[in-house]
Amino acid sequence: MENEGPRYLKDRKGYFPKDQRQRTRKRSREMEASVSSDLKKQRNRPGKMAYFDEVLKYGGMRFEELREFHKKGGKIVGTLCVMVPLELVNAAGARSVRMCSGYYEPVHPANELLGDAGLCPMVKSTLGRKMVSSDPLIDLIDLVAGPATCDGKMKLAEILEDWVPVVMMNIPRVKVGETSSDLWVKEIVHLKDRLEELTGHPVRKKALKEELSQWNEANQYWSEIQKLRRSERPPISGRDAMLVVQASQFDDIRRWNRKVKELIEELQRMRTKGIFAGEEGAARILLAGSPMIYPNFKIPSIIEGSGGTIVTDELCSGYRLMSDPVLVDGLSKKEIYQAIAERYFFPCSCPCFSPNDERVRRLKEVIKAFGIEGVVFHTLRGCHLNNLEATKIELALREISVPMVRIESEYDEGDIEQVRTRIEAFVEMIKARREYHRNPILEDVQ
Amino acid sequence: MITAGVDLGSTYVKAVVVKDQERVGYGVAPTGHDHDVTSKKVLGSALLMAGIEFGEVDHIVSTGYGRRVTTLARSSISEISANARGVQWLGSELGIRTIIDIGGQDTKVIALDDDLQMINFAMNDKCAAGTGRFLEVLARVLEVPLDKMGPVSMRSRDPVDITTTCLVFAKSEVANLVFDGHRKEDIIMGIHKAVARRLVGMAKKVGVRDVVFFDGGPAMNIGMVHAMERELGRKMYVPEMPQIVTATGAAILAAEELQKKGK
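Going line by line, the protein sequences match chains L and B. The first sequence begins at 32 in the working numbering and counts up one residue at a time. The second sequence begins at 13 in the working numbering and counts up one residue at a time.
As structure tokens, then:
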């Protein structure tokens with residue numbers, strides 16, 4: 032589409048004073064440092080986690096690498112959603128970075144532009160980060176790929192066009208068979224064309240297949256980790272597992288694969304020694320709902336600091352990043368694109384789709400497989416789609432006697448104590464049930 | 013065995029002393045700006061009532077908003093579990109299955125199973141709508157003492173409709189109603205109805221089963237009880253001292269903790 036200059040912020044000069052940018056940078060750096068230091072204090076933490084800390088560090092080693100790559104003319108593509116096929120971005124010779132922001136401070140510049148109309152804080156933070164360049168990485172991005180999933184993400188992509196070129200992808204939200212997936216295949220091919228235009232490299236079949244096999248390998252490693260988390264005493268915390276999988280969105284996937292392999296070896300050794308990442312007797316929690324992007328680990332930290340352990344999740348910032356490999360049926364390029372489109376479309380249980388009964392079905396399955404005792408359903412303020420589906424999910428879980436607690440939060444620390452009260456009560460409830468069912472005479476003893 | 017429970021709420025601190033499963037003393041005071049001083053004072057008056065020295069208390073458990081910061085207790089429990097425990101202590105013969113608790117800045121609905129174990133709960137989000145604070149601030153706007161809100165509202169014949177439960181908006185809405193010449197009792201009953209509507213909505217999501225138990229400070233307000241019962245379409249059980257059920261639960265839990273350790 033022809034872009035006739037900024038539509039949302041005409042007077043960019045002088046809109047944000049320099050010290051606002053510096054303040055936003057400073058607070059973002061401080062936030063990341065503090066979250067990271069809390070993660071490092073976790074008990075029984077595997078030594079191999081240090082690498083993943085570094086990948087996600089504000090202005091860390093990976094940023095330096097990407098800056099070098101960019102300086103030499105390499106292109107960097109920002110992705111706004113888990114539905115963007117990273118294989119394709121990398122096969123075109125570009126590097127992909129997930130743009131969704133978990134930083135709290137950049138919400139404020141976005142509020143100045145959009146007003147605080149109960150909008151999603153992740154959308155606002157992502158926009159704010161670009162508006163004031165609060166992150167050195169953000170200015171390296173040459174192109175943004177944004178599927179029009181929820182209203183927030185769609186308009187975010189549109190607003191970002193004021194700053195950087197955007198490929199808006201028309202994701203079919205009514206998920207019924209071939210008519211929907213046909214459109215998505217076309218959108219994937221369109222993304223490929225835009226990527227080729229950007230890098231000047233055609234996407235060759237060989238390179239694409241090579242990327243696919245790398246990402247499929249990554250999927251396999253992730254399922255190894257999930258297997259370990261399924262055990263009675265998971266050797267890795269929920270926060271660390273999220274950190275590992277989110278690092279894949281910034282890292283060189285080949286190196287990520289090597290490092291994850293090393294981590295898995297360490298975790299297996301830990302497991303044979305019976306080392307447990309959680310508190311003894313911790314409640315086994317599944318985290319569901321809106322995405323939680325590092326360093327927004329507020330909710331997981333409260334859960335794991337209140338006698339719970341997150342053994343798996345159903346988040347697009349967690350398991351979804353690495354589940355389901357791309358399965359190519361044939362040899363033609365067309366069949367490869369078809370396979371990519373299917374992997375990124377059908378198994379995705381984002382609430383932007385309807386029908387989305389797949390989500391409940393999968394959730395029930397996972398609860399059984401992972402021995403889940405309770406579900407924490409977290410929504411970001413303004414995440415209408417998750418709020419709309421929460422009731423349906425709660426009722427479905429009630430049928431199988433799995434308790435669920437709903438938590439709504441924003442990008443600030445003002446609600447920590449209130450959230451903690453709920454989570455603590457939830458964990459206490461789970462533990463009391465456990466005790467009560469195991470020993471029903473307990474009440475009479477007193 | 014002598015134990016105590018201290019409930020450090022956002023507006024009031026409550027303390028209860030329990031000796032061999034009996035509630036022998038209690039104290040209540042506004043939280044003020046130094047909850048540590050207040051909680052010591054409140055526990056002191058509870059002990060005085062019980063005729064027990066501080067040194068004789070075997071274990072203290074804290075609960076409520078300030079549970080983690082108080083220096084008084086060695087362990088803490090969330091106010092939701094403590095409230096449920098307090099109801100269990102009151103006895104299964106009451107047949108309680110649903111607890112509705114209005115606190116200073118939180119409201120909770122707790123569902124119990126037939127063994128009085130918690131099976132579900134809900135709590136308002138970070139917003140004063142439908143909380144004790146809501147009533148307190150609007151009482152100030154109307155210049156009616158908080159403890160007179162109930163009796164005054166019972167005189168109402170034509171309660172007004174308060175359309176918002178947002179405290180900030182409700183303040184100006186109430187101010188306008190006063191200017192428009194509405195009677196105080198009608199406005200107050202309208203306020204009670206607005207709180208009740210919100211709470212009952214929350215309770216329905218959790219699932220309402222008889223007997224419904226109503227506690228927290230606002231349960232002492234007869235107008236509030238009346239509005240809740242109308243909105244729910246059923247009678248509620250209001251304990252004699254609705255403010256100290258949670259503190260009692262904490263004291264009982266303190267005794268349990270000791271027993272477990274002793275095993």
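Note that the Cβ used here is the ideal one computed from N, Cα and C, for glycine as well. Here the structure is a predicted model, which means the values were calculated and not measured.
- Under the DSSP assignment, GLY98(B) falls in the alpha helix (DSSP H) whose first and last residues are 91-102.
- For the alpha helix (DSSP H) assignment, the uninterrupted runs of no fewer than 4 residues enclosed by the region 186-257 of chain B are, from N- to C-terminal side, 196-218 and 234-244.
- Taking the beta carbon of THR452(L) as reference, the chain B residues within 8 Å of it are TYR77, SER90, GLU91, ILE92, ASP118 and MET135, listed in sequence order.
- Relative to VAL36(B), the option among MET236(B), ALA263(B), ASP137(B) and GLU268(B) whose CA is nearest is ALA263(B).
- Counting the other CB atoms within 10 Å of its CB gives MET130(L) a total of 16 or more, which places it among the buried residues.
- In this structure, the CA atom of GLU209(L) is about 16 Å from the CA atom of ILE367(L).
- In this structure, SER90(B) places its C-beta atom within 9 Å of the C-beta atom of ARG79(B).
- Inter-residue distance for ASN288(L) and HIS415(L) is about 35 Å (C-alpha atoms, whole angstroms).
- If you look at LYS41(L), you'll find it isn't in any beta strand (DSSP E); DSSP assigns it neither H nor E.
- In this structure, DSSP gives VAL357(L) a state outside helix and strand, which the three-state scheme calls coil.
- By the C-beta density criterion, GLU136(L) is buried, having at least 16 other C-beta atoms within 10 angstroms.
- Using beta-carbon distances, LYS216(B) does not count as an interface residue toward chain L, since no partner is under 9 Å.
- Rounded to whole angstroms, the gap between the alpha carbons of GLY17(B) and GLY309(L) is 29 Å.
- Rounded to whole angstroms, the separation of the alpha carbons of ARG74(L) and SER337(L) is 14 Å.
- Within the DSSP bridge table, the entry for TYR38(B) names VAL28(B) as partners.
- Between ARG169(B) and the set TYR38(B), ASP198(B) and ALA141(B), the nearest pair of CA atoms involves ASP198(B).
- Under the three-state reduction of DSSP output, VAL66(L) falls in the helix class.
- In the structure shown, LYS88(L) adopts coil according to DSSP, grouped into three states.
- Within its own chain, the residues whose Cβ lies closer than 8 Å to the Cβ of ILE64(B), once the five positions on either side in sequence are excluded, are ILE14, VAL29, LYS31, VAL36 and GLY37, listed in chain order.
- At a beta-carbon threshold of 7 Å, the residues of chain B lying near TYR467(L) are ASP127 and GLN129, ordered along the chain.
- Within the region 200-234 of chain B, no residue has its Cβ closer than 7 Å to any Cβ of chain L.
- The region 130-165 of chain B contains, as complete alpha helix (DSSP H) runs of 4+ residues, the segments 144-154 and 161-165 (chain order).
- DSSP, reduced to helix, strand and coil, places PRO178(L) within a strand of the structure shown.
- Taking a Cβ-Cβ cut-off of 8 Å, the neighbours of PRO434(L) in chain B comprise ILE131 and ASN132, given in sequence order.
- Cβ atoms of ALA188(L) and MET162(L) stay farther apart than 8 Å, at about 15 Å.
- In the three-state reduction of the DSSP assignment, THR422(L) falls in the helix class, which pools H, G and I.
- Contact annotation, ALA421(L) with ARG437(L): C-beta distance approximately 6 Å; criterion of less than 8 Å satisfied.
- Residue environment for ALA400(L): exposed (fewer than 16 other C-beta atoms within 10 angstroms of its C-beta).
- By the neighbour-count criterion, in which 16 or more other beta carbons inside 10 Å mark a residue as buried, LEU426(L) falls on the exposed side.
- Residues of the same chain with a CB within less than 7 Å of the CB of ASP282(L), apart from the 5 flanking positions on each side, are VAL86 and ARG93 in chain order.
- One finds nothing in chain B with a Cβ atom closer than 7 Å to the Cβ of ALA249(L); even the nearest lies about 38 Å away.
- Taking a beta-carbon distance threshold of 9 Å, ARG315(L) does not count as an interface residue toward chain B.
- Using a Cβ-Cβ cut-off of 9 Å, ALA148(L) is close to nothing in chain B; its nearest Cβ partner there is about 15 Å away.
- Spatial neighbours of GLN251(L) in its own chain (CB-CB distance under 6 Å, excluding positions within 5 residues in sequence) are not present.
- DSSP lists LYS26(B) and THR75(B) as the bridge partner or partners of ASP19(B).
- Under the three-state reduction of DSSP output, LEU117(L) falls in the helix class.
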